[in-house]
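Student:
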Amino acid sequence: MSQLKQTLAKKIAEHSVRTQRLLKEFGNVVIDKVTISQAIGGMRDIKALVTDISYLDPFEGIRFRGKTIPETFEALPKAPGSKYPTVEAFWYFLLTGDIPTQEQVDEVLKEWKVRQVVPSYVWDAIRALPRDSHPMVMLSTGILSMQKDSKFAKFYSSGNFNKKVAWEYVYEDAYDLVARIPIIAAFIYNLKYRGDFQVAPDPSLDMGANFAHMIGQCKEYADVARMYFILHSDHESGNVSAHTTHLVHSALSDPYYAYSAGLNGLAGPLHGLANQEVLDWIIKFEEKYLKGAEPTKELIEKALWDTLNSGQVIPGYGHAVLRKTDPRYTAQRNFCLETPGLKDDPLFKVVSMIYEVAPDVLMKHGKAKNPWPNVDAQSGVIQWYYGVREWDFYTVLFGVGRSLGCMANITWDRGLGYPIERPKSVTTDMLEKWAANPPQL
Ligand code: NMX
Ligand code: MLT
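Quick note on numbering that gives the first Met the number 0: the sequence shown kicks off at 0 and runs consecutively.
In structure tokens, the structure reads:
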């Protein structure tokens with residue numbers, strides 16, 4: 000058994016004691032109440048999910064395993080010659096909560112290479128789709144096609160299924176999935192936008208550098224990939240992609256079924272697809288309002304109002320939990336400011352100008368509870384600068400990163416024996432009855 004799996008086994012065993020004690024001794028302690036507006040309004044803020052992989056504070060933003068974004072980047076061992084950690088080091092950290100030593104990272108790097116070999120039928124499945132399918136359809140299909148070789152599904156149907164060790168099989172699938180998904184994403188990119196010019200993975204490179212290599216990017220893009228995948232990995236477990244993955248897996252559907260479903264949720268414009276919508280909005284703004292002229296705050300303000308008045312949302316702004324600028328936005332903005340060339344890039348200037356104008360506009364508009372930018376408002380400009388300009392691919396990049404959090408989460412779900420998820424629904428008649436006569440709880 001690898002050192003990572005041994006560490007995880009020990010941690011899961013220790014943690015299970017805490018979960019079991021809470022269930023047995025304190026199961027009836029009330030931690031929240033549910034209002035009619037929460038029942039109708041997307042269950043916002045109801046505390047009904049448990050994860051220790053990350054936590055989202057409305058004002059501080061995300062903490063991965065208790066660490067803020069700068070603390071995470073600072074603490075993890077770095078990729079050779081880079082100030083960013085490898086995704087492999089981050090995977091170890093997300094799974095275990097421990098900062099790995101270089102030796103432990105090296106072991107993950109080695110194992111990752113073995114696991115990243117994608118079965119050839121995945122390519123057949125993706126190629127069988129119409130070439131103008133959205134790349135998220137291709138990614139979700141590619142992931143789903145691997146279900147037939149799921150180690151967890153095989154274990155379940157083997158006749159020897161045992162809840163106590165079931166997590167080990169989820170772990171195996173989860174690890175295979177995170178190692179393969181960047182290879183599949185690169186295949187889709189090359190198939191759709193580079194005339195099917197496929198590049199084999201380089202076994203000497205870490206995940207971020209390899210992704211850059213496979214999509215024909217420059218060396219500097221390796222850091223973009225590392226930063227991007229880590230920043231997009233997890234956002235506690237209530238967001239659509241993580242929650243869907245957790246929900247589907249709770250039926251003991253294997254990780255391939257579960258993450259393919261999670262990706263389908265990520266492909267929604269109010270969730271991950273917002274990153275492509277941001278670029279789309281800016282390009283249309285340039286075509287319709289600028290027509291070659293320099294952007295001004297006045298023109299941006301007009302375009303924002305036109306968007307709102309036509310009943311559409313401002314992509315990249317607002318959030319269901321956050322009530323301040325997303326620190327993932329800030330981390331990427333700082334990356335732009337620190338990268339010569341990028342900080343003077345015309346598109347970055349427009350994105351920065353939107354940041355100066357949009358929060359005021361949204362506040363005046365008076366609907367959005369959070370007028371500040373989220374991760375998607377800033378991620379596309381970096382891709383664009385480096386030449387990844389096919390913006391319908393951006394959500395695929397998000398999906399590669401998000402696999403890390405979703406797969407770490409369902410490994411722990413199984414380790415802790417979380418049951419099938421099944422909330423209770425009520426009828427409108429019931430709500431009207433309780434509205435007239437609030438129930439005594
Ligand atoms: N532009 C215009 N209206 C907005 C925006 C926005 N950016 N954000 C929220 N609103 C509206 C929202 O549509 C709702 O209107 P109505 O009452 O007519 O239904 C109202 O403000 C209240 O919504 P909130 O409670 O503030 O937001 P909610 O939690 O329902 O939704 C988002 C959160 C993220 C879906 C919403 O802010 C949004 O649609 N943002 C734009 C899309 C986006 O950037 N999504 C990416 C989120 C991050 N990610 O990667 O997943
Ligand atoms: C995410 O990263 O999943 C988004 O910010 C959406 C969310 O947290 O609800």
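Virtual Cβ for every residue (Gly too), placed ideally from N, Cα, C.
If we require 4 or more residues per run, which alpha helix (DSSP H) segments fall completely within the region 57-93?
Tutor: Fully enclosed alpha helix (DSSP H) runs of 4 or longer: 68-74.
Student: Thinking C-beta only, is VAL399 closer than 8 angstroms to PRO181?
Tutor: Counting from one through the sequence shown, the residue named residue 181 turns up at place 182. Counting from one through the sequence shown, the residue named residue 399 turns up at place 400. Yes, they are a contact pair.
Student: For TYR385, which of helix, strand or coil comes out of DSSP?
Tutor: Residue numbering aside, residue 385 sits at position 386 when the sequence shown is read from its first letter. TYR385 falls in the helix class under three-state DSSP.
Student: Within its chain, find whatever has a CB closer than 6 angstroms to the CB of HIS364; leave out the 5 residues flanking it on each side and keep chain order.
Tutor: Walking along the sequence shown from the start, residue 364 turns up at place 365. So the qualifying residues of the chain are LEU307.
Student: How about ALA357 and TYR316: are their beta carbons less than 8 angstroms apart?
Tutor: Within the sequence shown, residue 357 is the residue found at index 358, counting from 1. Within the sequence shown, residue 316 is the residue found at index 317, counting from 1. For ALA357 and TYR316, yes; Cβs fall inside 8 angstroms.
Student: PHE334 lies in the alpha helix (DSSP H); which residues open and close that run?
Tutor: Numbered from 1 along the sequence shown, position 335 holds the residue referred to as residue 334. Taken as a continuous stretch (DSSP letters only), the alpha helix (DSSP H) holding PHE334 covers 326-337.
Student: To the nearest angstrom, report how far apart ILE282 and PHE72 are at their CA atoms.
Tutor: Taking the sequence shown and counting its residues from 1, one reaches residue 282 at position 283. Taking the sequence shown and counting its residues from 1, one reaches residue 72 at position 73. Rounded to whole angstroms, ILE282 to PHE72 spans 32 angstroms at the Cα level.
Student: Write down the C-beta distance between ASP325 and ASN373 rounded to the nearest angstrom, noting that I regard them as a contact closer than 8 angstroms.
Tutor: Counting from 1 along the sequence shown, the entry for residue 325 is found at position 326. Counting from 1 along the sequence shown, the entry for residue 373 is found at position 374. Right, the Cβ-Cβ distance comes to about 4 angstroms (below 8 angstroms), so this counts as a contact.
Student: Assign VAL460 to one of two classes, buried (16 or more other C-beta atoms within 10 Å of its C-beta) or exposed (fewer than that).
Tutor: Residue 460 lies beyond the residue range present for the chain, which begins at 0 and ends at 440; the question has no answer from this structure.
Student: I think ALA257 touches GLY404, with their Cβ atoms under 8 angstroms apart; what is that distance to the nearest whole Å?
Tutor: Counting from one through the sequence shown, the residue named residue 257 turns up at place 258. Counting from one through the sequence shown, the residue named residue 404 turns up at place 405. About 13 angstroms separates the two Cβ atoms, so there is no contact after all.
Student: When you compare the region 83-97 with the region 339-357, are there three or more beta-carbon pairs, one atom per stretch, that lie closer than 8 angstroms?
Tutor: Flag = no, the region 83-97 and the region 339-357 do not touch.
Student: Beta carbon of ASN373: closer than 7 angstroms to some heavy atom of the ligand NMX?
Tutor: One-based indexing of the sequence shown puts residue 373 at position 374. Checking the Cβ of ASN373 against the ligand NMX gives yes.
Student: Counting along the chain, where does the alpha helix (DSSP H) carrying VAL198 start and finish?
Tutor: Sequence index remark: in the sequence shown, residue 198 carries index 199 (1-based). Counting along the chain, VAL198 falls outside any alpha helix (DSSP H), and DSSP gives it neither H nor E.
Student: Are there any heavy atoms of the ligand MLT lying less than 7 angstroms away from the beta-carbon of HIS270, as far as the coordinates show?
Tutor: Locating residue 270 in the sequence shown gives position 271, counting from the first residue. Under cutoff, so the answer is yes.
Student: Just to confirm before moving on: does the CB-CB distance between ASN408 and SER236 stay below 8 angstroms?
Tutor: Position 409 of the sequence shown, counted from the first residue, corresponds to residue 408. Position 237 of the sequence shown, counted from the first residue, corresponds to residue 236. In contact: ASN408 and SER236 (Cβ atoms closer than 8 angstroms).
Student: With a CB to CB cut of under 8 angstroms and the five nearest residues on each side skipped, what residues in its chain are close to PHE154?
Tutor: Position 155 of the sequence shown holds residue 154. Counting only Cβ-Cβ distances below 8 angstroms, and skipping sequence neighbours, we find PHE160, ALA165 and TYR168.
Student: Looking only at C-alpha atoms, which of LEU430, GLY267, VAL223 and THR410 sits nearest to TYR384?
Tutor: By one-based count along the sequence shown, residue 384 stands at place 385. Looking at the Cα atoms, VAL223 is the closest of the given residues.
Student: Flag VAL312 as yes when its Cβ comes closer than 7 angstroms to any non-hydrogen atom of the ligand NMX, and as no otherwise.
Tutor: Counted from its first residue, the sequence shown places residue 312 at position 313. It does: the Cβ of VAL312 is within 7 angstroms (strictly closer) of some heavy atom of the ligand NMX.
Student: Does the structure place the region 7-16 close enough to the region 410-418 that three or more beta carbon pairs sit under 8 angstroms?
Tutor: Flag = yes, the region 410-418 and the region 7-16 touch.
Student: Have a look at THR426, PRO418, LEU440 and GLU431 and flag the residue whose alpha-carbon is nearest the alpha-carbon of GLN19.
Tutor: In the sequence shown, residue 19 corresponds to position 20, counting from 1. Selected option, being the one with the closest Cα: PRO418.
Student: Take PRO129 as the anchor and find which of SER1, GLU110, TYR120 and ILE187 has the nearest alpha-carbon.
Tutor: Counting from one through the sequence shown, the residue named residue 129 turns up at place 130. Nearest of SER1, GLU110, TYR120 and ILE187 to PRO129, Cα basis: ILE187.
Student: Within the 8 angstroms Cβ cut-off, does ILE419 reach chain D?
Tutor: The structure shown contains no chain D, having only a single protein chain.
Student: Take PRO200 and list the residues in its own chain whose beta-carbon comes closer than 7 angstroms to its own, dropping the five residues that flank it on each side.
Tutor: Counting from one through the sequence shown, the residue named residue 200 turns up at place 201. The residues are GLN115, ILE182, ASN209 and MET213.
Student: Based on Cα-Cα distance, which residue from HIS231, VAL121, ASP123 and GLN146 lies nearest to TYR328?
Tutor: Sequence index remark: in the sequence shown, residue 328 carries index 329 (1-based). That would be HIS231, whose Cα lies nearest to the Cα of TYR328.
Student: Taking 7 angstroms as the cut-off, does the CB of HIS234 come closer than this to any heavy atom belonging to the ligand MLT?
Tutor: Translated into the one-based positions of the sequence shown, residue 234 becomes position 235. Under cutoff, so the answer is yes.
Student: From LYS323 to THR140, what does the alpha carbon distance come to, in whole angstroms?
Tutor: Position 324 of the sequence shown holds residue 323. Position 141 of the sequence shown holds residue 140. Roughly 36 angstroms separates the two Cα atoms.
Student: Suppose the cutoff is 7 angstroms on Cβ atoms and the five residues either side in sequence are ignored; what does the same chain contact list for ALA260 look like?
Tutor: Within the sequence shown, numbered from 1, the residue matching residue 260 stands at position 261. These residues qualify, in order along the chain: THR243, THR244 and VAL247.
Student: Could you give the residue range of the alpha helix (DSSP H) that holds GLU276?
Tutor: Here residue 276 corresponds to residue number 277 of the sequence shown, with the count starting at 1. Run containing GLU276: 273-284, per the alpha helix (DSSP H) assignment.
Student: Smallest Cα separation from VAL277: which of LEU108, PHE392 and ALA88?
Tutor: If you number the sequence shown from 1, residue 277 lands on position 278. Among LEU108, PHE392 and ALA88, the Cα nearest to that of VAL277 belongs to PHE392.
Student: Just mark LEU272 as buried or exposed, buried being the case when its beta carbon has 16 or more other beta carbons within 10 Å.
Tutor: Against the sequence shown, residue 272 aligns to sequence position 273. Buried, since its Cβ has 16 or more Cβ neighbours within 10 Å.
Student: From GLU106 to PRO99, what does the alpha carbon distance come to, in whole angstroms?
Tutor: On the sequence shown, residue 106 is found 107 positions in, with the first residue counted as 1. On the sequence shown, residue 99 is found 100 positions in, with the first residue counted as 1. Rounded to whole angstroms, GLU106 to PRO99 spans 10 angstroms at the Cα level.
Student: CB of SER240 to nearest heavy atom of the ligand MLT: below 7 angstroms?
Tutor: Here residue 240 is taken as the residue at index 241 of the sequence shown, counted from 1. Yes - the ligand MLT has a heavy atom lying nearer than 7 angstroms to the Cβ of SER240.
Student: Residues bridged to TYR227 by DSSP?
Tutor: On the sequence shown, position 228 is the one that residue 227 refers to. Per DSSP, none; premise fails for TYR227.
Student: Give me, in chain order, the residues of the same chain whose beta-carbon lies closer than 7 angstroms to that of VAL349; leave out the 5 immediate sequence neighbours on both sides.
Tutor: Reading the sequence shown from its first residue, position 350 is the one you call residue 349. The answer, listed in chain order, is ILE281 and PRO294.
Student: Check whether the Cβ atoms of LEU265 and ARG401 sit closer than 8 angstroms, and answer yes or no.
Tutor: Against the sequence shown, residue 265 aligns to sequence position 266. Against the sequence shown, residue 401 aligns to sequence position 402. In contact: LEU265 and ARG401 (Cβ atoms closer than 8 angstroms).
Student: Could you please give the first and the last residue of the uninterrupted alpha helix (DSSP H) stretch that includes ASP44?
Tutor: One-based indexing of the sequence shown puts residue 44 at position 45. Unbroken run through ASP44: none, as it is neither H nor E.
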